[in-house]
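Residue numbers (the working numbering), protein chains in the order written: chain U, 76 to 439; chain W, 76 to 439.
For each residue, glycine too, the CB sits at the ideal point set by N, CA and C.
Here is the structure we will look at.
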């Protein structure tokens, strides 16, 4: 067991890598980085713990922002919501909270737990609950492991809290989404309380280490080699497309950021077009009308030049981007995983094909 | 101190009188009566307690249904929600619940606390939180007395609960309404937890005694004297109109039943027309375009023949009804009371005129 610490100078790489792994969702890495840097500078470094080093009776609380990323950009959390949420949760937990965790990867949702750990002094797990980001609350490995979302707390910057206990995790999504919308379409949440003994089944280990390596590798590649190729290498993924954003249609509805982006190809993709559909996260990529990647696999959009991640709310006309597909955690590829977050759940009628097996333009 | 009991044979009068005092809202008296009769037959009579006989350190929990009465008619509570809600509340209260209470008068909201008292064996206060019914959660005398709505619990028939703590009572309305809508537009609530020492400031005493007398007086008048006039006598109110419903426009929106009813006069009112506007409860009555009664005073619609109350969701073309105005609790007539539930809050630009002073058609 080695004690590791997250210091402020590591936040740029962590936030960048986390936003790549967030598959378009999980919030803006610039805001996420600033929030965590400030919290660490104010309260000191955050202790990072491997899940193998956590006692079976530990009480682990994943924290996250819930809402539309388009709103989170304009209404970032104040930091106070974390204390409000954890206080409300502690009141009904009975046992002391021992660790915090990330429920998903993302520019904000990987860094908010760092803020929370700095604010509370609690250690943070080097792990997350999906190995990517997904739009709905029930779409996490804890659901597959039989863990309830509840007790779930939502808190806003005005001191309002809602503690939910629901019949199943789909109801938790429904009620929490509705409250998050009333809280201004962005709320702090704490949910999927885990015992130490449940961590191996319910979490992806090593996520913070991975996202830091991803963010650092991309940065170090700049000016020396291709940052997008460097990211593909760390993700074990493949390049799907390189081109220019020519159209983005978006709507913020029911607490989600929905939309479609159209890209025309450049270079080797010069005579092709790619369409991306998203609900907070990128859901499906169609190359010349053919699905080349889709949920639960990751579709990550990076600036072609510098490899900087482009979240779905950041997509703009004229951006030169590369689209990368990467395999999801294998648990998402089981029948249960696909039922929870596969193409069918999102209303698509195509079968799931692992991104490494799908035919891309080059047939590679 | 005399111990009084509510037995099943008294429920018809109580439900009728409560629906009259509900000013069009608070739910259908037939459903309310059946729910309470069944609960009493199953668990035994309910003990009724005067607020003067409650110890200062008592913990009093008002319970009610929240939602659109139009929905409550089709989706009555199962009884299980009461236990779910009180369990969730007890978890954070710290002290044992000693009494239940009504937060408002109404065909269902006066009888749901009777069901809850029968189910739990707790005594019920002979009182309520407004002396009528109002559509929004913060419109209660406890708000005027500085009591917080929270901790507030909502529960549905599927076992889902939401425990709210909010910055103020308006936020409680906002979040609770949104959850109630997600729960199917009708949910069980427990809120405005009162200590015994707060009861005099926060409640209207004697409400259940009053509604039983009102319901009995109307029933006994049938076939002997005018039931509507009998109700007017008990309420200390005045007859505003007698006529026929010729049009009802309604919409269920944002968790409320909104609408307008138009009536043409009969008898002494033969050349007049009355318009009623409602949001769950009747808000304003305009006789030939002139306001003759409005919030916070009570506007009660009764069948002209038998004096049976007609709730807003029960208004239908062709009904022969009498419209009665009655004075509200004096606390609603203060500046604070009018700010909370006067005409201005509901978007009307007329000044409040106590119903006993407003000029009616007869100038009486």
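Taking its Cβ as the centre, do 16 or more other Cβ atoms sit within 10 Å of residue i, making it buried, or is it exposed?
i: residue 295 of chain U; result: exposed
i: residue 439 of chain W; result: Note that residue 439 of chain W has pLDDT 41, beneath the 50 cutoff, so the model's placement of it is unreliable and no number is given.
i: residue 405 of chain W; result: exposed
i: residue 403 of chain U; result: buried
i: residue 224 of chain W; result: buried
i: residue 112 of chain W; result: buried
i: residue 324 of chain U; result: exposed
i: residue 130 of chain W; result: exposed
i: residue 102 of chain U; result: buried
i: residue 171 of chain W; result: exposed
i: residue 207 of chain W; result: buried
i: residue 253 of chain U; result: buried
i: residue 328 of chain U; result: exposed
Report the rounded CA-to-CA distance for residue i versus residue j, giving the unit in angstroms.
i: residue 194 of chain W; j: residue 159 of chain W; result: 12 Å
i: residue 165 of chain U; j: residue 175 of chain W; result: 27 Å
i: residue 110 of chain U; j: residue 368 of chain W; result: 55 Å
i: residue 153 of chain W; j: residue 229 of chain W; result: 14 Å
i: residue 399 of chain U; j: residue 358 of chain U; result: 13 Å
i: residue 217 of chain U; j: residue 411 of chain U; result: 12 Å
i: residue 192 of chain U; j: residue 85 of chain U; result: 15 Å
i: residue 375 of chain W; j: residue 187 of chain W; result: 21 Å
i: residue 371 of chain U; j: residue 272 of chain W; result: 58 Å
i: residue 107 of chain W; j: residue 426 of chain W; result: 35 Å
i: residue 81 of chain U; j: residue 322 of chain U; result: 39 Å
i: residue 259 of chain U; j: residue 93 of chain W; result: 38 Å
i: residue 89 of chain U; j: residue 262 of chain W; result: 44 Å
i: residue 180 of chain W; j: residue 190 of chain W; result: 14 Å
i: residue 149 of chain U; j: residue 434 of chain U; result: 39 Å
i: residue 275 of chain U; j: residue 289 of chain U; result: 23 Å
i: residue 421 of chain W; j: residue 353 of chain W; result: 10 Å
i: residue 432 of chain U; j: residue 423 of chain U; result: 19 Å
i: residue 251 of chain U; j: residue 394 of chain U; result: 34 Å
i: residue 115 of chain U; j: residue 121 of chain U; result: 7 Å
i: residue 364 of chain W; j: residue 349 of chain W; result: 8 Å
i: residue 317 of chain W; j: residue 386 of chain W; result: 16 Å
i: residue 219 of chain W; j: residue 409 of chain W; result: 10 Å
i: residue 382 of chain W; j: residue 135 of chain W; result: 34 Å
i: residue 347 of chain U; j: residue 222 of chain U; result: 44 Å
i: residue 167 of chain U; j: residue 330 of chain W; result: 29 Å
i: residue 173 of chain W; j: residue 198 of chain W; result: 7 Å
i: residue 286 of chain W; j: residue 182 of chain W; result: 10 Å
Please look up how many angstroms separate the CB atoms of residue i and residue j, rounded, as I've assumed it's under 8 Å.
i: residue 355 of chain W; j: residue 210 of chain W; result: 4 Å
i: residue 147 of chain W; j: residue 415 of chain W; result: Going by Cβ atoms, the distance from residue 147 of chain W to residue 415 of chain W rounds to 24 Å, so no, they are not a contact pair.
i: residue 162 of chain U; j: residue 236 of chain W; result: So it is not a contact: roughly 19 Å between Cβ atoms.
i: residue 338 of chain U; j: residue 401 of chain U; result: Contact doesn't hold; Cβ gap of about 18 Å is too wide.
i: residue 320 of chain U; j: residue 314 of chain U; result: Actually they do not touch by this definition, with Cβ atoms about 17 Å apart.
i: residue 384 of chain W; j: residue 178 of chain W; result: So it is not a contact: roughly 19 Å between Cβ atoms.
i: residue 226 of chain W; j: residue 238 of chain W; result: 6 Å
i: residue 156 of chain U; j: residue 232 of chain U; result: 6 Å
i: residue 377 of chain U; j: residue 396 of chain U; result: 6 Å
Should residue i be counted as a contact of the ligand ADP given a C-beta to heavy atom distance under 8 Å?
i: residue 409 of chain W; result: What this structure holds is no ligand at all, so the ligand ADP is not there to describe.
Could you pull the DSSP bridge partners for residue i from this structure?
i: residue 188 of chain U; result: According to DSSP, residue 188 of chain U bridges with nothing at all.
i: residue 194 of chain W; result: Beta-bridge pairing links residue 194 of chain W to no other residue.
i: residue 121 of chain U; result: U:81
i: residue 269 of chain U; result: U:135
i: residue 398 of chain W; result: W:316 and W:376
i: residue 174 of chain W; result: W:135
i: residue 355 of chain U; result: Residue 355 of chain U is not bridged to any residue.
i: residue 361 of chain W; result: W:350 and W:366
i: residue 263 of chain U; result: U:140 and U:230
i: residue 236 of chain W; result: U:240 and W:230
i: residue 328 of chain W; result: W:331
List the residues of chain C whose Cβ lies closer than 7 Å to the Cβ of residue i, in chain order.
i: residue 142 of chain U; result: No chain C is present in this structure, whose protein chains are U and W.
* Asked: For the stretch 328-348 of chain U against the stretch 380-392 of chain U, are there 3 or more C-beta pairs whose distance is under 8 Å?
  -> yes
* Three CB pairs or more closer than 8 Å across the stretch 187-203 of chain U and the stretch 277-284 of chain U -> yes
* To do: Count the CB pairs spanning the stretch 135-146 of chain U and the stretch 259-269 of chain U that are closer than 8 Å, and state whether there are at least three.
  => yes
* If you pair each beta-carbon of the stretch 240-251 of chain U with each one of the stretch 118-130 of chain U, do three or more pairs fall below 8 Å? -> no
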